Structures are given as C-alpha cells and as structure tokens.
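Engineer: The structure under discussion is supplied below as structure tokens; questions concerning it will follow.
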Amino acid sequence: MMRPGMKAKPGGQNILRGIVLLCRGRAAGFAEIGTGPEAFLSSLAPLIAFPLVGCGLMVAQGKTADALADFLATLIALLAPPVLSEEIARRWGRRDRWFRYATALNWCQWVLPLLAALLVLLAGFIVQAGVPMRPTVISLCCVLLAYAFWLQWFLARRGLDLSGLRAAGLVLLVNLLTIVLVAGPQLLDLVAQSGLAQKG
C-alpha cells in the first residue's frame, strides 16, 4: 500500500519504484521521483502530515503543551536537513541538483522505520534461539545506523554529484547540526531547571 503522495506520476514515473531502486543503490531511482519545488513539497507533505495528526490526537486528550513541543521538535528534525543541505549545496555549486537530492531523501526516509520493524522481528527470533538480548539489539541497531548512513551518503553523492568524501562530510554535518537543533533547547531547559532546583 502506498503512502500519501506515493502515486505514479505522469510520464511513467513511479515514486514507489524510485524508492526501491534508490534504497538498493540504483541511481535510476532519481528519475522516478521527479525534481523541482512541486516534487519536493509532495515528498515533504506526508512526512509532516503524520506528526500533525499525532499532535491533534494529543491535543484532544488535553496534552496541548506536550503535543506542541513534540510537533515542533519533529518539524525541526524534518526541516533542518533540507535547509542545511541546501546551504551546503549552494556553497559547493550544486544548488541546481538540490531538489533532486532533497526529494529523494524525503521519500527514502519511509524505508528506515520499515527496516527497523523488520529488525525488531529478527531480534525476537534471534533471542528465542538463545542469543543474549543486549548484544543482539546493539548489533541490529548498528546495522540500521550503518544502512541509514550509507543511504544518506549514496543520495548525497549521486543526487548532488559529490565526491565520496564530500558526501560523507555533508551527511555528518547535516545530522550533527540537526541533533543540536532538536536536542539543544531540551538540554538548555534541563540545565535551567537544574539550576533553579539547586537555588531552591
């Protein structure tokens, strides 16, 4: 079943087929997902829609403050990578290729939770076979992180036509800055609360 927006496009393009190709390391997938502002916004809309629905459900339960805080954190996590990568692409003279890269990155994010779910099932089978849970979970988490890094690296390298080293640098920088932007306010809040508690 396709996610919202994952329908076939005019001219024979098919987003789902494009995602599958890209996640297998096939650059032909870029041609399937489109490029330009419209394609980028279409890839971004479903990523925002699901957290927005979750926010609405939490507000309906009376958890307005928590709902807004969670939604804003999710929004920052979703928007920071395209904003940061656009600036890097512009500085490296790759601005004309940025929509292709950013659109692919948005669509391919759907694969990671699906892969995580499969790894959870695999972990259950491995633990039932007698393997200790802790090393199993750590190993599978490392597999997921390694694949996520490789996928982002591949999309940056082929989508922006970067060298392997520059693509790795972009992925590391974008992820690091995104973590800082998402976690920074929460850490500052914890520090402030800790300081107030010590004064009290």
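In my numbering, the protein residues as written are 306 to 505. Note that the Cβ used here is the ideal one computed from N, Cα and C, for glycine as well. Just so it is clear, the structure is predicted and the values come from calculations on it, not from any experiment.
1. Exposed or buried, phenylalanine 345, counting other C-beta atoms within 10 Å across all chains shown (16 or more means buried)?
2. Using only alpha-carbon positions, find the residue among Lys368, Gly489, Ser347 and Gly341 that is nearest to arginine 400.
3. How big is the Cα-Cα spacing for tryptophan 455 and aspartate 371?
4. Please report the straight-line C-alpha distance between aspartate 430 and proline 440, rounded to a whole angstrom.
5. Using a Cβ cut-off of 7 Å (strictly closer), state whether tyrosine 452 contacts chain C.
6. Just verifying my parser: in three-state terms, what is the DSSP assignment at glutamine 414?
7. To which residues of the same chain is arginine 462 closer than 7 Å at the C-beta, ignoring the five residues directly before and after it?
8. Which of helix, strand or coil does DSSP assign to glutamine 433?
9. For leucine 457, which of helix, strand or coil comes out of DSSP?
10. Here's the rule I'm using: 16 or more other beta-carbon atoms within 10 Å means buried, otherwise exposed. How should threonine 408 be labelled?
Structural biologist: Taking the structure as given:
1. Sequence index remark: in the sequence shown, residue 345 carries index 40 (1-based). Under this definition phenylalanine 345 is a buried residue.
2. Start at 1 with the first residue of the sequence shown, and residue 400 comes out as number 95. It is Gly341 whose Cα lies nearest to the Cα of arginine 400.
3. The count along the sequence shown starts at 1 and reaches residue 455 at position 150. The count along the sequence shown starts at 1 and reaches residue 371 at position 66. Using only the alpha carbons, I get a separation of about 33 Å.
4. Locating residue 430 in the sequence shown gives position 125, counting from the first residue. Locating residue 440 in the sequence shown gives position 135, counting from the first residue. First, the residue type needs correcting, since residue 430 is phenylalanine and not aspartate in the sequence shown. Rounded to the nearest angstrom, the two C-alpha atoms are 14 Å apart.
5. In summary, chain C is missing from the structure at hand, where a single protein chain is found.
6. The residue you call residue 414 lines up with position 109 of the sequence shown. Correct three-state label for glutamine 414: coil.
7. Mapped onto the sequence shown, residue 462 falls at position 157. Excluding positions up to five away in sequence, the list reads Gly469 and Ala472.
8. Indexing the sequence shown from 1 puts residue 433 at position 128. Looking at glutamine 433 - three-state DSSP - the assignment turns out to be helix.
9. Against the sequence shown, residue 457 aligns to sequence position 152. Note that residue 457 corresponds to glutamine in the displayed sequence, not to leucine. The answer is helix: DSSP assigns glutamine 457 an H, G or I state.
10. Walking along the sequence shown from the start, residue 408 turns up at place 103. So threonine 408 ends up on the buried side.
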